[in-house]
Structures are given as C-alpha cells and as structure tokens.
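Visitor: Below you'll find the structure I mean.
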Amino acid sequence: MRPSVDTYRHQGLRKKLVDMLRTKGISDESVLKAIGDVPRHFFLDSAFDEIAYEDRAFPIGQGQTISHPYTVAYQSQLLAAGRFDKVLEVGTGSAYQAVVLARMGATVYTIERQKTLFDVNRTFEWLQELPGIKFFYGDGFAGLPTYAPFDRILITAAAPAVPDRLLDQLRPGGWMVVRGERGGFTEEIYDSFSFVPMLSGKKAD
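And the structure:
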C-alpha cells in the first residue's frame with residue numbers, strides 16, 4: 077500500500093537528499109526544486125517509508141524498480157526540459173520521473189508496457205490530480221506518434237539502439253536521453269547507471 081501523508085520528517089529527508097545531489101554535481105535549480113517538492117515515498121510501498129529518501133533503487137513490482145534519485149536528477153538535468161516543452165517518457169514505472177519532469181514545467185506523455193504498473197498509476201488518486209502528465213499503456217518502441225513531435229524524449233530503460241520510430245517523433249533540434257548505442261548521431265558518454273532492459277510490445281496481467 078502506498079503512503080499518502082507527507083510529514084515534516086519526509087520534507088526534511090528531501091532537503092537532505094537535495095543537499096546530497098548538489099554535492100554530486102546536480103546544479104539545475106529547477107531539477108533540485110522538483111526533487112525537493114515531490115514526495116518520493118508516495119511512489120513506494122509503505123514498507124520502504126523509512127528509507128525512501130536514500131539514494132537507492134527499490135522494487136515496484138513486475139521486475140521493475142524506481143530509479144535512484146541521482147539517476148532521476150541526472151536524466152532530468154540532461155533533458156533540460158522546461159515550461160511548454162513536450163516530453164515523451166518511455167517507461168513510466170513508478171511515475172516518479174514523470175512527476176519530477178512535470179514539476180519542472182514540462183508536459184509529459186508517458187507510456188508503460190506493463191499493464192499492472194499502468195493500472196497502479198491510473199488508480200493512484202494523488203497522481204491523477206497532478207497537471208501536466210498524460211498516461212498511456214502501450215509499446216514503448218512505437219512511442220506516441222499521434223502526439224508527436226516531442227521536444228524531448230527520455231527512454232528510462234536500457235535500449236540496444238535508438239528505435240527509429242522514436243527518432244521520427246523527435247522534433248528537429250530536440251533532445252533524446254537514452255542508454256544504448258546511437259549509431260549515426262552525435263554521442264556524448266555520461267556516467268554509468270543500471271537500468272532494466274527495454275522490451276518491445278505490451279505485457280498484460
């Protein structure tokens with residue numbers, strides 16, 4: 077069961093988390109403010125409440141995890157998504173990353189292939205009340221062509237290569253953040269992170 081109360085203790089732990097992220101090189105104030113505002117413990121089972129603000133990944137079911145806060149902050153800083161930017165997130169997972177991006181001012185279109193995780197987020201009342209996020213169940217490799225083009229695309233899983241269908245949905249001059257091979261494109265190597273593999277298709281219950 078997910079918690080729904082944000083106490084002063086939780087808020088204090090988020091402040092410490094933000095301070096830690098600063099020491100690790102996160103400098104984008106919009107990212108740090110979003111991390112400081114979003115109650116990460118809401119996206120985890122209550123069993124993790126005492127450790128929800130540690131820089132660790134935790135299981136969320138279906139073999140998936142919520143990413144380390146540093147990973148979320150780092151990806152968000154790379155995306156540099158701001159107000160009025162349309163962002164496609166491939167791999168909703170817990171929806172924590174999507175909420176952080178929305179708090180930065182972006183409009184987030186997030187797609188999840190795991191039906192169970194999609195349903196959990198769809199029935200999470202606190203999450204559904206937030207503006208700026210649209211949830212979809214589908215094949216991440218296909219993206220959301222109906223809503224393209226996107227200013228930013230984030231693939232939250234490890235992809236063997238950049239799917240052409242996703243590149244086609246990126247506006248000219250747009251940015252994509254993905255862990256994987258990127259033949260034929262300007263490439264910059266950043267820190268190494270651990271991700272679950274990106275899989276094609278949809279998975280029902």
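Using this note's numbering, you'd call the opening residue of the sequence shown number 77 and step up by one each time.
For every residue, glycine included, the Cβ atom is placed at its ideal position computed from N, Cα and C.
Just checking my contact of Ile-229 with Leu-164 at CB under 8 Å: how many whole Å lie between their CB atoms?
Guide: To locate residue 229, count along the sequence shown from 1; it is residue 153. To locate residue 164, count along the sequence shown from 1; it is residue 88. With a Cβ gap of about 5 Å, Ile-229 and Leu-164 count as contacting.
Visitor: Taking the continuous alpha helix (DSSP H) assigned at Gly-88, which residues delimit it?
Guide: Locating residue 88 in the sequence shown gives position 12, where the first residue counts as 1. Counting along the chain, the alpha helix (DSSP H) containing Gly-88 begins and ends at 84 to 99.
Visitor: Can you tell me whether Tyr-84 is buried or exposed, with buried defined as 16 or more other CB within 10 angstroms of its CB?
Guide: Here residue 84 refers to the residue found at position 8 of the sequence shown. Burial call: exposed.
Visitor: Starting from the C-beta of Lys-162, find all residues in its chain whose C-beta is less than 6 Å away, skip the five residues before and the five after it, and write them out in chain order.
Guide: Your numbering for residue 162 matches position 86 in the sequence shown. Cβ within range, chain order: Thr-183, Phe-226 and Asp-227.
Visitor: Where Pro-135 and Phe-124 are concerned, what is the direct C-alpha to C-alpha distance, given to the nearest angstrom?
Guide: Translated into the one-based positions of the sequence shown, residue 135 becomes position 59. Translated into the one-based positions of the sequence shown, residue 124 becomes position 48. If I take the Cα positions, the gap works out to 10 Å.
Visitor: Thinking C-beta only, is Arg-132 closer than 8 Å to His-144?
Guide: As a position in the sequence shown, residue 144 is number 68, starting the count at 1. As a position in the sequence shown, residue 132 is number 56, starting the count at 1. The answer is yes: Cβ separation under 8 Å.
Visitor: Decide if Ser-80 is buried, meaning its Cβ has at least 16 other Cβ atoms within 10 Å, or exposed.
Guide: As a position in the sequence shown, residue 80 is number 4, starting the count at 1. So Ser-80 ends up on the exposed side.
Visitor: If you run the structure through DSSP and keep just helix, strand and coil, what is Leu-206?
Guide: By 1-based counting over the sequence shown, the position of residue 206 is 130. Three-state result, Leu-206: coil.
Visitor: Who does Thr-186 pair with in a DSSP beta bridge?
Guide: Here the question's residue 186 lines up with position 110 in the sequence shown. Answer is Glu-165 and Phe-211, bridged to Thr-186.
Visitor: If the criterion is Cβ atoms closer than 8 Å, does the pair Tyr-146 and Leu-89 meet it?
Guide: Along the sequence shown, read from residue 1 onward, the residue named residue 146 stands at position 70. Along the sequence shown, read from residue 1 onward, the residue named residue 89 stands at position 13. No; because the gap between Cβ atoms is not below 8 Å, this pair is not in contact.
Visitor: For the beta strand (DSSP E) that Leu-230 lies in, which residues bound it at each end?
Guide: One-based indexing of the sequence shown puts residue 230 at position 154. Element bounds for Leu-230: 226 to 237.
Visitor: Using a threshold of 8 Å, state whether the C-beta atoms of Gly-219 and Leu-242 are closer than that.
Guide: The residue you call residue 219 lines up with position 143 of the sequence shown. The residue you call residue 242 lines up with position 166 of the sequence shown. Result yes, Cβ atoms of Gly-219 and Leu-242 sit closer than 8 Å.
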